[in-house]
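Engineer: Just passing along the structure, written as structure tokens.
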Amino acid sequence: MDYKVGVISGDGIGPEIVREAKKVLDKVGEVFGHSFSYDEILMGGVSIDAVGVPLTDEAIAQAKEADAVLMGSIGGNTSTSPWYKLPANLRPEAGLLKLRKSLNLFANLRPAYLYGELRAACPLRDDIIGDGFDMMIMRELTGGLYFGDRRTEEQDGVMTAVDTLTYNENEIRRIAKRGFDIAMKRRKKVTSVDKANVLDSSRLWRKVVEEVAKDYKEVTLEHMLVDNCAMQLVKDPGQFDVILTENMFGDILSDEASMVTGSIGMLSSASLNDTKFGLYEPSGGSAPDIAGKGIANPIATILSAAMMLRYSFDLDREADAVEEAVRQVLKEQYRTVDIMPQEEAEKESVTQVGTAQMGDLIADKIR
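Right, here's the structure in full:
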């Protein structure tokens, strides 16, 4: 089969980590008899530099013509980059928000899985880690505070900023259904996270989730306030299967979950619409401080490519091969700097590699 992949290399370490994911995809194509063509799409800071805006209508059209989109990272140093002296609607992240909305990418999937080989990189104690953890964070991606009306103005002589948090029942219902569907393929438990003791939007969220749950008798549903969930992620991460939550809460909790796994460089993500189309990207940022040094961890981007194989192309066997290749390389004690053990004694049995070498090692394991 031939697949057309839109590629947003983006900013910072984006081009480096995307290059390794393409390398792995090409090896998958070679082994399993597929071909992948790549169409480079400008978005983020590089688009601002080239054409003055973070995302053009032409770029959106390119994305829509692809079978799926693979992305690296967007943005730069918010303190020093000239991109962040621009109005908010012209900054790099505005392009990502516009793309999500334009492609109707309402469901964000962020798996957080602790590899046995990386227990030492997990900041939690062994008694908390237990047998490890394997959760999926389902984040609503096109509604809520990030997409509500906002303004900054002077009121009675005082500068005042207003951001509006809005959800309707249809937006909640469709992400809830996606969350319960995924739970049915996992351990059949959904933890719906909200702030229903304070927010009207959360009270509606809880009501609609409970309505959806009635159609999934096999799935256990529990509700958890977002502040408690943040605590529970570091107290007992093994209790979670699918965490279902709104946009801003999901943004924060998924980053917390990523660090519990040992490194944000290990976490993939998928953003899906109502069809097979998806945008696949690592959960981490652009890391401008290490861009160009060849030390960034490409595993999250490679695993995002595996999610693309699974969710957009229905190539489960190929996705399994990529995930197994990652496991094998970790078992053979290869590490990028972010997942290197901290104890000197443990470092002796581990080989530190750079971005390109990690991509080579994983590609070589594709069977």
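Read in the numbering used here, the sequence shown has 121 at position 107, and its numbers run on one by one without any break. We put the CB at the ideal spot given by N, CA and C, even for glycine. Just so it is clear, the structure is predicted and the values come from calculations on it, not from any experiment.
1) Based on the DSSP output, what are the partners of Gln366 in its beta bridges?
2) Relative to the alpha-carbon of Ile151, which residue among Leu323, Gly306 and Ala271 has its alpha-carbon at the smallest distance?
3) Looking at Ile353: is its Cβ nearer than 9 angstroms to the Cβ of Ala135?
4) Where do the N-terminal and C-terminal ends of the alpha helix (DSSP H) with Gly26 fall, by residue?
5) Counting only beta-carbon atoms, is Ala335 nearer than 9 angstroms to chain C?
6) For Leu218, which option in Glu185, Thr275 and Gln347 has the closest C-alpha, if you only look at C-alpha atoms?
7) Tell me whether Thr289 sits in a helix, a strand or coil according to DSSP, three-state version.
8) Please name the residue, chosen from Lys379, Lys36 and Val343, that lies closest to Thr365 on a Cα-to-Cα basis.
9) Output yes or no for whether 9 angstroms exceeds the beta carbon distance between Lys37 and Asp374.
10) Ordered along the chain, which non-local residues of its own chain (more than five positions away) have a Cβ less than 6 angstroms from that of Ser95?
11) What three-state label does DSSP hand Asn311 in the structure shown?
12) Curious, which full-length beta strand (DSSP E) runs of at least 3 residues does the stretch 219 to 269 contain?
13) Would you please state the rounded distance, in angstroms, between the beta carbons of Ile304 and Ile376? I believe it to be under 8 angstroms.
14) Is Ala314 near Val336, with beta carbons less than 9 angstroms apart?
15) Just to confirm, are Ala284 and Leu293 a CB contact at a threshold of 9 angstroms?
16) Can you check DSSP and say which residues form a bridge with Lys118?
17) Taking DSSP as the reference, what is the three-state secondary structure of Pro302?
18) Look at the alpha carbon of Gln356 and the alpha carbon of Ser116, and state the distance between them as a whole number of angstroms.
19) To the nearest angstrom, report how far apart Ala73 and Gly24 are at their CA atoms.
20) Assuming Ile31 and Thr369 are in contact, meaning their beta carbons sit under 8 angstroms apart, how far apart are those beta carbons, in whole angstroms?
21) How is the beta strand (DSSP E) around Gly86 delimited, first residue to last?
22) Take Leu213 and list the residues in its own chain whose beta-carbon comes closer than 8 angstroms to its own, dropping the five residues that flank it on each side.
23) Determine the direct distance from the alpha carbon of Thr174 to that of Met372, and round the result to whole angstroms.
24) Give the DSSP-derived three-state secondary structure of Ser282 in the structure shown.
25) Run the CB neighbour count on Met245, radius 10 Å, all protein chains shown included, and call it buried at 16 or more, exposed below.
26) Whose C-beta lies closer than 6 angstroms to the C-beta of Arg192 among residues of the same chain, with five residues either side of it excluded?
27) Should Asp208 go down as buried or exposed, given a rule of 16 or more other Cβ atoms within 10 Å for buried?
28) For Tyr17, list the residues DSSP reports as bridge partners.
29) Quick one: what does DSSP say Pro125 is sitting in, helix, strand or coil?
Structural biologist: For this structure:
1) In the DSSP output, where bridge partners are listed per residue, Gln366 has Arg349.
2) Taking each of Leu323, Gly306 and Ala271 in turn and checking the Cα distance to Ile151, the smallest one comes out for Ala271.
3) Going by C-beta atoms, Ile353 is nearer than 9 angstroms to Ala135.
4) It is not in any alpha helix (DSSP H) - Gly26 carries neither H nor E in the DSSP assignment.
5) The chain labelled as chain C is not found in the depicted structure, where only one protein chain is given.
6) Leu218 has its Cα closest to that of Glu185, out of Glu185, Thr275 and Gln347.
7) In the structure shown, Thr289 sits in coil (DSSP, three-state: anything other than H, G, I, E or B).
8) Considering only alpha carbons, the answer is Val343.
9) Less than 9 angstroms divides the Cβ of Lys37 from the Cβ of Asp374.
10) Beyond the five residues adjoining it in sequence on each side, Ser95 comes within less than 6 angstroms, by CB distance, of no other residue in the same chain.
11) Collapsing the DSSP output to three states places Asn311 in coil.
12) If we require 3 residues or more, the beta strand (DSSP E) runs fully inside the stretch 219 to 269 come out as 234 to 239 and 256 to 259.
13) With a beta-carbon spacing of about 20 angstroms, Ile304 and Ile376 fall beyond the 8 angstroms limit used to define contacts.
14) Not a contact, by the Cβ cut-off of 9 angstroms.
15) Taking 9 angstroms as the Cβ cut-off, Ala284 and Leu293 qualify as a contacting pair.
16) Position check: residue 118 holds Asn in this sequence, whereas Lys was assumed. DSSP output for Asn118 lists no bridge partner at all.
17) The three-state reading of DSSP puts Pro302 in coil, since its state is none of H, G, I, E or B.
18) Going from the Cα of Gln356 to the Cα of Ser116 covers about 43 angstroms.
19) Answer to the nearest angstrom: the Cα atoms are 13 angstroms apart.
20) Contact flag correct, Cβ pair sits at about 7 angstroms.
21) For Gly86, the enclosing beta strand (DSSP E) starts and ends at Ala82 to Ser87.
22) Take Leu213, set aside five residues on each side of it, and the residues of its chain with a beta-carbon closer than 8 angstroms to its own are Leu179, in chain order.
23) Their Cα atoms are separated by approximately 48 angstroms.
24) Note: Ser282 maps to strand in three-state DSSP.
25) The residue in question, Met245, is exposed, as its Cβ has fewer than 16 Cβ neighbours within 10 Å.
26) Within the same chain, Arg192 has close Cβ partners Ala121.
27) It is buried - the Cβ of Asp208 has at least 16 other Cβ atoms within 10 Å.
28) BP columns for Tyr17 point to Phe50.
29) The three-state secondary structure of Pro125, taken from DSSP, is strand.
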